[in-house]
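One structure is given below, encoded as structure tokens.
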Amino acid sequence: MNVHVPDNARRDLALVGCPDCAFRFETPNYRLGMQQRCPECAAAIKPKYVRRAQDAGYSLSYHTFLQLLTMRPYRDEIAPLIEGWFGYRTEYRGRTPVVSNAAGRTVDLEQMHEMIQTSSRWQEILYWKAGKFFR
Ligand SMILES: [Zn+2]
83 MNVHVPDNAR RDLALVGCPD CAFRFETPNY RLGMQQRCPE CAAAIKPKYV
133 RRAQDAGYSL SYHTFLQLLT MRPYRDEIAP LIEGWFGYRT EYRGRTPVVS
183 NAAGRTVDLE QMHEMIQTSS RWQEILYWKA GKFFR
């Protein structure tokens, strides 16, 4: 019997390039838009797509997630989802979303994004809410 590999991050690898040194490497689709360290020149960079993941499935890049959390009408559906899942409240300072936990502390948006993307169920729900965004 074959071993089932539940890790959907494996097929989710996008080919990206370092804007500083042009080195190409693979990174999970959901990390796109997040700051990363270039494996070649070690600069703190936001890698650019060279080739999208072949089967990104229901994953969303961080860039897309931030847009959904910021733009109407998406944010009106996304913010209540996040409150339902984590009990976090989303407020806006201008157009910048600020998410706080029950204790009133500001939540790190990159960490929240990674948390959502580790759950295939949350990932899928968010993807369908984002549906119109991709068309
Ligand atoms: Zn580099």
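The opening position of the sequence shown corresponds to residue 83 in the numbering used here, with each subsequent residue numbered one higher. No residue lacks a Cβ here, since even glycine has one placed at the ideal position from N, Cα and C.
One Cα belongs to F168, the other to P162, and the distance between them is close to 10 angstroms. In this structure, A126 has its beta carbon at no less than 7 angstroms from each heavy atom of ligand 1. Just so you know, the alpha carbons of R203 and M194 end up roughly 15 angstroms apart. According to DSSP, I127 shares a beta bridge with Q118. Nearest neighbour of L95 by Cα position, chosen from D190, P179, F107 and S201, turns out to be F107.
Q199 and W210 have their C-alpha atoms spaced approximately 14 angstroms apart.
At the C-beta level, P129 and Q118 come within 8 angstroms of one another. Per DSSP, Y209 lies in no beta strand (DSSP E); the unbroken alpha helix (DSSP H) holding it starts and ends at S202 to K211. Between G115 and S143, the CB-CB gap stays under 8 angstroms.
Burial is judged here by how many other beta carbons sit within 10 angstroms of a residue's own beta carbon; A138 has at least 16 and is buried. Q149 and L208 have their C-alpha atoms spaced approximately 13 angstroms apart. The beta-bridge partner set that DSSP reports for G176 is empty.
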